[in-house]
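Working notes, structure below.
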Amino acid sequence: MAGDAHGNAPATASRSWFRPSLVEGDQDFASVTRRVAGVVERPKPPRAWYIAITISGTLTLVLFSLVAYLIATGVGVWGNNAPAFWGWDIVNFVFWVGIAHAGTLISAILFLLRQHWRTSINRAAEAMTLFAVCCAGLYPAIHVGRIWLAYWLFPVPNQMSMWPNFRSPLLWDVFAVSTYATVSALFWYMGLVPDLATLRDRAVTPLKRFLYGFFALGWRGSSRHWHRFERAYLILAALATPLVLSVHSVVSFDFAVSLVPGWHTTIFPPYFVAGAIFSGFAMVVTIMVPARQLFGLKELVTVRHLENMNKVILATGSLVGLAYLTEFFIAWYGGNAYERFAFLNRALGPYSWAYWLMVFCNVVAPQFFWFKRVRTGLLPMVAVAILVNVGMWLERFVIVVISLTRDYLPTSWGHFTPTLVDVFTFAGTFGLFFTLFLLFCRFLPMVAIAEVKTVLPAAHPHAPQGAAGKEHAHA
Amino acid sequence: MNVFPRWLNGLRPALAVGVALGGIYVVSLFAYGASPRTLAVGYAPEQPVPFSHALHAGELALDCRYCHTTVEKAARAAVPPTETCMNCHARIRPQSDKLAAVVASAGTGDPVHWKRVHDLPDYVYFDHSAHVSRGVGCVSCHGRVDNMERVRQEAPLSMGWCLECHRDPTPNLRPPEFVTSMEWSPDRPAREIGAELAREKHIQPSTDCSTCHR
Numbered sequence: 067m068a069g070d071a072h073g074n075a076p077a078t079a080s081r082s083w084f085r086p087s088l089v090e091g092d093q094d095f096a097s098v099t100r101r102v103a104g105v106v107e108r109p110k111p112p113r114a115w116y117i118a119i120t121i122s123g124t125l126t127l128v129l130f131s132l133v134a135y136l137i138a139t140g141v142g143v144w145g146n147n148a149p150a151f152w153g154w155d156i157v158n159f160v161f162w163v164g165i166a167h168a169g170t171l172i173s174a175i176l177f178l179l180r181q182h183w184r185t186s187i188n189r190a191a192e193a194m195t196l197f198a199v200c201c202a203g204l205y206p207a208i209h210v211g212r213i214w215l216a217y218w219l220f221p222v223p224n225q226m227s228m229w230p231n232f233r234s235p236l237l238w239d240v241f242a243v244s245t246y247a248t249v250s251a252l253f254w255y256m257g258l259v260p261d262l263a264t265l266r267d268r269a270v271t272p273l274k275r276f277l278y279g280f281f282a283l284g285w286r287g288s289s290r291h292w293h294r295f296e297r298a299y300l301i302l303a304a305l306a307t308p309l310v311l312s313v314h315s316v317v318s319f320d321f322a323v324s325l326v327p328g329w330h331t332t333i334f335p336p337y338f339v340a341g342a343i344f345s346g347f348a349m350v351v352t353i354m355v356p357a358r359q360l361f362g363l364k365e366l367v368t369v370r371h372l373e374n375m376n377k378v379i380l381a382t383g384s385l386v387g388l389a390y391l392t393e394f395f396i397a398w399y400g401g402n403a404y405e406r407f408a409f410l411n412r413a414l415g416p417y418s419w420a421y422w423l424m425v426f427c428n429v430v431a432p433q434f435f436w437f438k439r440v441r442t443g444l445l446p447m448v449a450v451a452i453l454v455n456v457g458m459w460l461e462r463f464v465i466v467v468i469s470l471t472r473d474y475l476p477t478s479w480g481h482f483t484p485t486l487v488d489v490f491t492f493a494g495t496f497g498l499f500f501t502l503f504l505l506f507c508r509f510l511p512m513v514a515i516a517e518v519k520t521v522l523p524a525a526h527p528h529a530p531q532g533a534a535g536k537e538h539a540h541a
Numbered sequence: 022m023n024v025f026p027r028w029l030n031g032l033r034p035a036l037a038v039g040v041a042l043g044g045i046y047v048v049s050l051f052a053y054g055a056s057p058r059t060l061a062v063g064y065a066p067e068q069p070v071p072f073s074h075a076l077h078a079g080e081l082a083l084d085c086r087y088c089h090t091t092v093e094k095a096a097r098a099a100v101p102p103t104e105t106c107m108n109c110h111a112r113i114r115p116q117s118d119k120l121a122a123v124v125a126s127a128g129t130g131d132p133v134h135w136k137r138v139h140d141l142p143d144y145v146y147f148d149h150s151a152h153v154s155r156g157v158g159c160v161s162c163h164g165r166v167d168n169m170e171r172v173r174q175e176a177p178l179s180m181g182w183c184l185e186c187h188r189d190p191t192p193n194l195r196p197p198e199f200v201t202s203m204e205w206s207p208d209r210p211a212r213e214i215g216a217e218l219a220r221e222k223h224i225q226p227s228t229d230c231s232t233c234h235r
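So the protein lines, in turn, are chains R and F. The numbering of the first sequence is our numbering, which starts it at 67 and goes up by one. The numbering of the second sequence is our numbering, which starts it at 22 and goes up by one.
Here it is in structure tokens:
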């Protein structure tokens with residue numbers, strides 16, 4: 067059993083052509099469907115689901131009320147003030163956009179690279195991407211203060227002859243994030259269609275049949291359907307791939323194109339993209355571990371999947387650490403006094419606690435993934451993943467707040483203190499994120515049924531007819 | 022298993038067309054429907070006194086500045102006090118029904134409550150004197166007031182409309198002596214005259230945000 071879990075091929079010579087098994091247990095096509103559809107079809111979700119959604123739903127209501135309060139009162143309810151006109155709003159925006167990077171990376175890049183282990187986790191990771199984009203998109207919309215003028219961000223002809231400034235990275239941001247949201251949603255939904263048809267065909271109540279049937283778009287599973295589906299999926303994957311790299315590059319331009327010391331560095335785009343993938347995978351691990359336990363999907367989302375994600379976390383975490391070192395090196399080597407001060411101030415200034423905590427969480431913590439026991443142990447990996455999430459939030463805090471509160475002129479220095487509204491709005495976005503995720507788990511297949519079947523031993527062209535892994539016995 | 026009847030298939034192209042047209046509809050709604058060009062032009066409220074600009078400015082050819090005295094010196098083109106009306110109307114038709122409100126106002130000292138026609142938003146700074154002294158004629162913004170029985174808004178007064186002239190004022194510049202003239206028409210292309218005047222007087226209207234939003 068343990069051998070399979072870690073992807074070792076079955077030792078028997080007669081089945082030596084088997085690929086390393088990506089699912090565990092005695093799975094055949096029918097059992098995969100039963101297992102995944104069962105989560106949606108069981109009359110009641112587990113008790114833990116109710117507890118979780120009560121908490122996250124409450125936080126979501128807190129978020130909505132605070133957004134209403136903000137709109138009614140103005141952005142003064144936040145701690146943003148001179149000189150830190152960007153505070154938690156931008157920190158949280160970048161944090162959530164970063165989280166949103168894992169889904170598309172898993173779906174698109176790993177798909178193009180033929181990494182078949184993506185199949186069990188891509189659906190949930192893509193859903194997570196969408197929900198993280200919802201949380202991220204909220205901040206730019208509400209931080210403009212007068213939200214009813216947010217349409218000024220878009221090039222809509224108007225009586226004011228006002229047109230967005232296409233030279234501004236803030237505008238690129240609008241397009242980068244909205245394109246990303248659109249493509250991720252399309253990708254996610256298109257992948258769902260065959261599974262929605264499965265749920266439609268298994269539905270027992272007319273309402274469910276209607277709803278799943280409506281969104282299944284008349285999928286019948288004919289060869290022609292599959293042919294077109296796979297073509298379209300490939301095209302969307304190719305479209306989404308550059309987006310994984312472009313979105314956070316553009317987000318980093320918000321900073322890099324300005325002249326603030328600590329922001330104005332060319333390393334930002336790759337450094338942000340690595341950080342985004344890093345935080346995104348950490349979030350996937352954080353929520354997939356409890357989700358697979360809760361919904362009995364341990365055999366589909368195996369420890370091997372989690373271990374692979376942890377390897378990505380280790381790699382991207384090391385990249386992020388390298389970026390931190392490079393920043394310091396360039397600050398010294400570049401010889402610019404302001405730049406040098408900006409970085410010394412990060413490490414030794416008033417917010418040095420945030421900097422060193424960030425270094426611990428982002429650079430030190432993932433290094434434990436060199437040990438297989440940490441990489442494959444559920445508790446240690448969740449602990450590291452949570453630390454990484456904390457660290458990546460702190461990274462954005464360090465970049466945004468420290469740089470703004472200590473720029474060129476000491477007379478304009480200041481200190482940033484968040485208000486309670488800041489804190490609870492941020493907590494509320496977690497509520498929104500988890501509420502959406504819990505609803506997704508309950509009403510949609512959280513594992514791509516059709517795709518997992520393609521990696522079953524039974525789907526191999528040389529699999530014994532009708533065997534469907536039956537002889538794949540375990541001791 | 023068919024969940025939906027076959028005729029629903031016909032709705033798919035309709036849906037696609039609807040979505041495409043819906044996008045165009047929303048954009049045009051913003052661009053034209055919500056524009057002052059649509060909403061504000063033609064606004065002509067009934068005033069407490071049926072004062073006719075057609076009679077006073079047109080037939081009698083009173084100069085605009087006889088009543089709107091501050092227009093050359095101040096941001097606002099003052100609405101005249103009742104006393105200005107009474108300069109003449111103390112002797113001309115003081116018994117007329119149409120003038121009852123003016124006469125009453127002169128007696129009590131309570132001003133006539135004229136309804137404002139050209140009303141810019143509070144966040145817009147506009148200075149009449151800056152425009153008049155540089156040769157932007159009254160008629161350029163207010164239209165042929167000398168033909169109006171009741172004053173109506175001719176120009177949209179939208180930001181885009183302001184910017185149009187601030188970006189290229191030459192078609193709207195005239196020699197200062199004709200600023201209040203309703204009938205002046207250039208003997209050469211207006212743009213040519215405007216360009217000369219702009220050069221002479223260094224007229225370079227700014228389009229910075231803070232020019233109007235202070």
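Ideal placement from N, C-alpha and C gives every residue a C-beta, glycine not left out.
Status (buried if at least 16 other CB within 10 Å, exposed otherwise) for residue i
{"i": "residue 296 of chain R", "result": "exposed"}
{"i": "residue 146 of chain F", "result": "exposed"}
{"i": "residue 108 of chain F", "result": "exposed"}
{"i": "residue 110 of chain R", "result": "exposed"}
{"i": "residue 289 of chain R", "result": "exposed"}
{"i": "residue 68 of chain R", "result": "With a pLDDT of only 39 at residue 68 of chain R, under 50, the local geometry of the prediction cannot be trusted, and no value is derived from it."}
{"i": "residue 534 of chain R", "result": "Interpretation of residue 534 of chain R is limited by its pLDDT of 45, a score under 50 that renders its predicted location unreliable; the figure taken from the coordinates is listed afterwards. Classification for residue 534 of chain R: buried."}
{"i": "residue 188 of chain R", "result": "buried"}
{"i": "residue 143 of chain F", "result": "exposed"}
{"i": "residue 564 of chain R", "result": "An answer regarding residue 564 of chain R cannot be provided, because it is not within the stretch 67 to 541 covered by chain R."}
{"i": "residue 56 of chain F", "result": "buried"}
{"i": "residue 163 of chain F", "result": "buried"}
heavy atom of the ligand ADP below 7 Å from residue i C-beta
{"i": "residue 518 of chain R", "result": "The ligand ADP is not part of this structure, which contains no ligands at all."}
Length of the line joining the Cα atoms of residue i and residue j
{"i": "residue 249 of chain R", "j": "residue 148 of chain F", "result": "49 Å"}
{"i": "residue 70 of chain R", "j": "residue 360 of chain R", "result": "Low confidence applies here, because residue 70 of chain R scores a pLDDT of 42, under 50, leaving its location unreliable and the question unanswered by this model."}
{"i": "residue 447 of chain R", "j": "residue 190 of chain R", "result": "18 Å"}
{"i": "residue 371 of chain R", "j": "residue 245 of chain R", "result": "29 Å"}
{"i": "residue 25 of chain F", "j": "residue 35 of chain F", "result": "17 Å"}
{"i": "residue 170 of chain F", "j": "residue 73 of chain F", "result": "5 Å"}
{"i": "residue 81 of chain F", "j": "residue 75 of chain F", "result": "9 Å"}
{"i": "residue 120 of chain F", "j": "residue 70 of chain F", "result": "7 Å"}
{"i": "residue 153 of chain R", "j": "residue 147 of chain R", "result": "8 Å"}
{"i": "residue 331 of chain R", "j": "residue 462 of chain R", "result": "15 Å"}
Chain-ordered neighbours of residue i on chain F, where CB pairs are closer than 7 Å
{"i": "residue 294 of chain R", "result": "What residue 294 of chain R touches in chain F: nothing, since even the nearest Cβ is about 16 Å away."}
{"i": "residue 240 of chain R", "result": "Correct list: empty, because the minimum Cβ distance to chain F is about 16 Å."}
{"i": "residue 279 of chain R", "result": "24, 25"}
Close-in-space but distant-in-sequence residues of the same chain around residue i (CB under 6 Å, 5 per side omitted)
{"i": "residue 102 of chain R", "result": "511, 513, 515"}
{"i": "residue 397 of chain R", "result": "405, 406, 409"}
{"i": "residue 508 of chain R", "result": "111"}
{"i": "residue 380 of chain R", "result": "432, 435"}
Closest by C-alpha distance to residue i, when choosing among the options
{"i": "residue 312 of chain R", "options": "R:148, R:193, R:164, R:111", "result": "R:164"}
{"i": "residue 195 of chain F", "options": "F:159, F:228, F:182", "result": "F:159"}
{"i": "residue 607 of chain R", "options": "R:458, R:434, R:389", "result": "With chain R covering only 67 through 541, there is no way to say anything about residue 607 of chain R."}
{"i": "residue 91 of chain R", "options": "R:368, R:488, R:470, R:333", "result": "R:368"}
{"i": "residue 302 of chain R", "options": "R:336, R:174, R:214", "result": "R:174"}
{"i": "residue 209 of chain R", "options": "R:171, R:202, R:155, R:275", "result": "R:155"}
{"i": "residue 189 of chain F", "options": "F:137, F:221, F:226, F:128", "result": "F:226"}
{"i": "residue 105 of chain R", "options": "R:286, R:181, R:141, R:268", "result": "R:268"}
{"i": "residue 307 of chain R", "options": "R:93, R:528, R:253, R:374", "result": "R:253"}
7 Å Cβ cut-off: residues of chain R touching residue i
{"i": "residue 58 of chain F", "result": "225"}
{"i": "residue 184 of chain F", "result": "227"}
Contacts of residue i in chain R (Cβ-Cβ under 8 Å)
{"i": "residue 179 of chain F", "result": "225, 226"}
Cβ neighbours of residue i in the same chain (closer than 8 Å, five flanking residues each side left out)
{"i": "residue 184 of chain F", "result": "228"}
{"i": "residue 431 of chain R", "result": "383, 450, 453, 454, 457"}
Chain-ordered chain F contacts of residue i [CB-CB under 8 Å]
{"i": "residue 222 of chain R", "result": "48, 51, 52"}
Own chain residues within Cβ distance below 7 Å of residue i, not counting five before or after
{"i": "residue 258 of chain R", "result": "510"}
{"i": "residue 485 of chain R", "result": "143, 144, 145"}
{"i": "residue 469 of chain R", "result": "326, 327, 328, 329, 408"}
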